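As they're listed, the protein sequences go chains R and Y. Position 85 of the first sequence, counted from 1, bears residue number 85 in our numbering, the numbering being contiguous throughout. Position 64 of the second sequence, counted from 1, bears residue number 64 in our numbering, the numbering being contiguous throughout. Here a beta-carbon is modelled for each residue, glycine too, at the ideal position from N, C-alpha and C. Small disclaimer: the values here were computed from a predicted structure and weren't measured. Following: one structure in structure tokens, then a few remarks.
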Amino acid sequence: MLDPIVYTPEQVAEILQLSKNTVYELISRGEIIAKKIGKVYRIPKSSLSFAFTGMDDDISKAQSVDEQNLANINNTLKDVRRSIWKKSVSF
Amino acid sequence: MEKISVFLDTNVIIASLLSNSGASSQIIKNPKLNKIISKTVKEEILEVSIRLNLNHVLINSQLDKYKIITPKITKKVLENTYGKFVFDQEDSHVVAGTHSSKTKFLITHNLKHFNINRINSNMGIIVLTPGNFLQYLRSLK
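Have a look at this one:
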């Protein structure tokens, strides 16, 4: 499904605390993925993943994959950790 | 480039067994990392994997890839020395294992279980999620 949220280069410059010219340079180098519509650029939220999550989009998605299983893992691990803590004298 | 040593919490290894495309799996498969666990973490992996019905062959082949350390720290030492770095005493062995292994990184999905600022300021250990650590690795390129 398409991400419905897009930004202008000016908004991206503000979010990333860069100059507008730097944003255009990053677009031309392919470091920020943008779509040219007519004469203007629009930048999808996924291109700015780093600004929102501290991670690039692919890494953020990989982290999310793990997090889908985390509740199940944590519940089981909590029980196991408790039983090992109770029975062990050395770790 | 010299291999980077990381201590892995149990949840990272279990997450890697449950998904091939997750951040944990990318860390496990990274040949440039020296992956370390403790004997207690190994014990937890084996017990959790039984309860979650995970593939034993896969688990045993994975365990061969880790350096397994045996800190031999008593419960009392854990409580007195490492208890201040966690919010639940039962997690203290993870911090003790990381400290004993002399690694700079503890990789866990449960940052909230650890007093990460105190761990960093007292022992110089950085606690990160798998995703944040992958981002760090990318920043080195």
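For this session: Establish whether the CB of Y/E79 and some CB of chain R are separated by less than 8 Å.
Result: Closer than 8 Å: no.
For this session: Give the straight-line distance between the Cα atoms of Y/N132 and Y/N30, rounded to the nearest whole angstrom.
Result: 15 Å
Problem set entry | Cβ of Y/V86 within 8 Å of any chain R Cβ | It does not: the Cβ of Y/V86 has no partner Cβ on chain R nearer than 8 Å.
Exercise. Going by Cα to Cα distance, which pick from R/R82, R/D57 and R/G38 is closest to R/I32?
Worked result: R/D57
For this session: Would you verify that the beta carbon of R/F52 is, or is not, closer than 8 Å to some beta carbon of chain Y?
Result: So no, R/F52 is outside the interface.
Exercise. Which of the three DSSP states, helix, strand or coil, is assigned to Y/F114?
Worked result: Strand at Y/F114.
Exercise. For R/R42, which residues from the same chain have a beta carbon less than 6 Å from its beta carbon, with the 5 sequence-adjacent residues on both sides left out?
Worked result: If the five residues before and after R/R42 are omitted, its C-beta is found closer than 6 Å to the C-beta atoms of V6 and K35, all from its own chain and listed in chain order.
Exercise. Using the beta-carbon count (16 or more within 10 Å), is R/Q68 buried or exposed?
Worked result: Classification of R/Q68: exposed, given that the 10 Å Cβ count is below 16.
Problem set entry | Near-chain R residues of the stretch 96-111 of chain Y - C-beta to any C-beta below 9 Å | A96, G97, H109 and N110
Problem set entry | Secondary structure of R/P44, DSSP reduced to three states | strand
For this session: Starting from Y/K72, find everything on chain R with Cβ-Cβ shorter than 7 Å and list it in chain order.
Result: S90
For this session: Would you mind sorting Y/I50 into buried or exposed? The rule is 16 or more other CB atoms within 10 Å of its CB.
Result: exposed
Exercise. At a Cβ cut of 7 Å, what residues of the stretch 42-61 of chain Y count as close to chain R, listed as they run along the chain?
Worked result: Flagged, chain order: E43, E44, E47, V48, R51 and L52.
For this session: Determine, using beta carbons only, whether Y/E47 and R/V80 come nearer to each other than 8 Å.
Result: yes
Exercise. Which chain Y residues sit within Cβ distance under 8 Å of R/L70?
Worked result: N11, A15 and H109
For this session: At 4 residues or longer, and completely inside the stretch 69-139 of chain Y: list those alpha helix (DSSP H) runs for me, N to C.
Result: 92-100, 116-123 and 130-139
Exercise. Which one of Y/N115, Y/T108, Y/I28 and Y/M123 has the shortest CA to CA distance from Y/S61?
Worked result: The residue with the shortest Cα to Cα distance from Y/S61 is Y/I28.
Exercise. From what residue to what residue does the alpha helix (DSSP H) around R/S64 run?
Worked result: D57 to K87
Exercise. Since Y/S139 meets chain R, which of its residues come closer than 8 Å, beta carbon to beta carbon?
Worked result: Per Cβ cutoff of 8 Å: no residues; Y/S139 is ~10 Å from chain R at best.
Problem set entry | Nearest-angstrom Cα separation, counted from Y/F85 out to Y/H113 | 9 Å
Problem set entry | Interface partners of Y/H75 on chain R, CB under 9 Å | One point to set straight first is that residue 75 of chain Y is Lys, not His, in the sequence displayed. Correct list: W85, S88, V89, S90 and F91.
Problem set entry | Exposure of R/I37, with buried meaning 16 or more beta-carbon neighbours within 10 Å | Residue burial annotation: R/I37 is exposed, with fewer than 16 other C-beta atoms found within 10 angstroms of its C-beta.
Problem set entry | Own chain residues within Cβ distance below 6 Å of Y/I14, not counting five before or after | V48
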